[in-house]
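Q:
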Ligand code: TYM
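In my numbering, the protein residues as written are 1 to 335.
1) Starting from residue 4, follow its DSSP beta bridges and name the residues at the other end.
2) Looking only at its own chain, which residues have a Cβ that is under 8 angstroms from the Cβ of residue 281, when we skip the five neighbours before and after it?
3) Using beta-carbon positions only, say whether residue 31 and residue 95 come within less than 8 angstroms of one another.
4) Hey, is the region 40-48 in contact with the region 57-67, meaning 3+ C-beta pairs nearer than 8 angstroms?
5) Quick one, which of 223, 207 and 37 has its alpha-carbon nearest residue 143's?
6) Less than 8 angstroms between the beta carbons of residue 321 and residue 84, yes or no?
7) Where does residue 156 fall in DSSP's three states?
8) Applying the 10 Å Cβ sphere with the 16-neighbour rule, what's the burial state of residue 6?
9) Closest by CA to residue 149, which one among 172, 198 and 193?
10) Note down, in chain order, each residue of its chain lying with its Cβ closer than 7 angstroms to the Cβ of residue 113, except the 5 sequence neighbours on either side.
11) Using DSSP bridges, identify the partner residues of residue 209.
12) Pop quiz: residue 188 and residue 195 are said to be a contact at Cβ under 8 angstroms. What is the actual Cβ separation, rounded to whole angstroms?
13) Return the CA-CA distance between residue 225 and residue 239, expressed in angstroms with no decimal places.
14) In terms of alpha-carbon separation, which member of 11, 66 and 2 lies closest to residue 293?
15) So, for residue 111: in the same chain, excluding its five sequence neighbours on each side, which residues have a beta-carbon less than 8 angstroms away from its beta-carbon?
16) May I ask whether a heavy atom of ligand 1 can be found less than 7 angstroms away from the beta carbon of residue 149?
17) List in chain order: all unbroken beta strand (DSSP E) runs of 3+ residues lying wholly within the region 31-85.
18) So residue 174 and residue 166 are supposed to be a Cβ contact under 8 angstroms. How far apart are they, rounded?
19) State the start and end residues of the unbroken beta strand (DSSP E) segment that holds residue 177.
20) Can you tell me whether DSSP reads residue 290 as helix, strand or coil?
21) Could you tell me which of 11, 26, 18 and 19 sits nearest to residue 53, measuring between CA atoms?
22) Residues in the same chain with beta-carbon distance under 8 angstroms from residue 242, minus the five sequence neighbours each way, listed in chain order, please.
23) Tell me whether residue 196 sits in a helix, a strand or coil according to DSSP, three-state version.
24) My output table needs one value for residue 302: the three-state DSSP class, helix, strand or coil.
25) Is it the case that the Cβ atoms of residue 154 and residue 146 are separated by a distance below 8 angstroms?
26) Applying the criterion that 16 or more other CB atoms from any shown protein chain within 10 Å of the CB defines a buried residue, is residue 276 buried or exposed?
27) Strictly by DSSP, which residues pair up with residue 188?
28) Near residue 132, what residues of its chain come up, given a Cβ to Cβ distance below 6 angstroms and the 5 sequence neighbours on each side ignored?
29) Given residue 163, which residues of its chain have a CB within under 8 angstroms of its CB, disregarding the five upstream and five downstream residues?
30) Whose CA, out of 140, 334, 208 and 71, lies closest to the CA of residue 345?
31) Alpha carbons only, please: which of 236, 283, 268 and 273 is nearest the one belonging to residue 258?
32) For residue 23, count neighbouring C-beta atoms within 10 Å of its own C-beta (all shown protein chains included) and say buried if the count is 16 or more, exposed if not.
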């Protein structure tokens with residue numbers, strides 16, 4: 001079976017609905033047909049300089065949400081990035097193949113470093129996409145399920161893989177494909193349908209957190225900014241109706257219903273009905289999700305065991321790829 005890898009940062013105690021719909025649901029859908037590896041990228045989270053105790057808590061919480069979302073540890077390796085040292089070893093090889101200008105062009109880096117200023121911007125933030133490329137290449141992954149915002153990082157990963165093959169011989173790296181499902185790859189912010197759902201917008205008021213009080217989530221849905229024109233027309237059109245289209249996307253994703261069928265049901269009745277029913281649907285989705293996540297969180301020893309098993313499986317693969325790459329680069333084998 002071809003291999004897939006993906007990961008999320010434990011930068012908050014909860015994932016949000018964008019992470020869930022853009023990535024996690026794809027991970028779950030793919031785990032039958034692929035040999036899947038899903039990690040919590042704790043090393044990446046260090047770029048925001050988290051409090052150590054908070055990082056420990058968030059790393060476990062992120063893993064628990066993978067499980068609550070349906071990642072099955074019997075089929076997929078679920079692990080923590082820092083437990084597999086081959087990621088950082090291969091990241092060094094890739095750092096030495098990445099142009100400074102090439103890394104400077106990463107838009108996420110440009111956005112984040114612009115906010116933080118030159119002194120506040122760390123070297124870690126700059127080399128972040130190189131570590132991400134290593135996460136992928138160290139497993140010879142063929143496919144990487146992510147949301148739209150990771151497309152450029154995936155392009156860099158592919159460029160690096162091709163560069164390795166050109167410089168060190170065919171077969172040094174597998175060139176991965178991004179798996180981006182357009183319907184849900186960019187869930188927009190409820191307060192600003194022109195921007196992706198992300199805590200950095202408007203103080204996070206337009207975000208639905210998977211582990212927040214469902215009542216608060218319902219409120220956020222009801223307060224969603226919708227489109228100013230024709231307030232009774234409900235139809236899917238991302239350009240003309242960005243706010244309504246985002247709500248329809250979320251409605252469809254949490255209920256499994258067809259977007260057009262939902263639109264037809266509310267068209268002509270006004271936005272309020274759509275929002276109230278969507279709020280109920282979001283609550284109905286969140287409650288059992290949180291129950292499952294809490295069950296996993298209530299037994300940290302068992303959760304850590306799942307993560308240990310996952311790391312062992314991951315290391316079996318990563319060790320071999322690291323050895324191959326070190327050898328191709330001309331590093332002497334250890335005796
Ligand atoms: P991160 O932690 O920011 O986000 C995790 C996943 O959620 C997706 N996502 C969204 N999808 C749809 N709509 C949104 N509003 C939305 N917001 C986030 C992201 O695209 C991502 O798939 N650099 C990565 C983590 C990473 C990684 C990797 C991913 C590190 N190594 C290797 C894949 C493979 C990141 O920061 O994702």
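For glycine and all other residues, C-beta sits at the position ideal for the given N, C-alpha and C.
A: The short version:
1) 36 and 143
2) Excluding positions up to five away in sequence, the list reads 251, 254 and 255.
3) Between residue 31 and residue 95, the C-beta gap is not smaller than 8 angstroms, which leaves the two residues out of contact.
4) yes
5) 37
6) It is not a contact, given that the beta carbons lie outside the stated cut-off.
7) Residue 156 carries a helical assignment under DSSP once its states are collapsed to helix, strand and coil.
8) buried
9) It is 198.
10) 121 and 125
11) 16
12) 7 angstroms
13) 15 angstroms
14) 66
15) Answer for residue 111: no residue qualifies.
16) Checking every heavy atom of ligand 1 against the Cβ of residue 149, one is found closer than 7 angstroms.
17) 35-40 and 77-80
18) No, residue 174 and residue 166 are not in contact; Cβ-Cβ is about 14 angstroms, not under 8 angstroms.
19) 177-179
20) helix
21) 11
22) 188, 193, 194 and 227
23) strand
24) helix
25) yes
26) exposed
27) 196
28) These residues qualify, in order along the chain: 153.
29) The beta carbon of residue 163 sits closer than 8 angstroms to those of 97, all from its chain and outside the five residues before and after it, given in chain order.
30) Since the first and last residues shown for the chain are 1 and 335, residue 345 lies out of range.
31) 236
32) The residue is buried, with at least 16 neighbouring Cβ atoms inside 10 Å.
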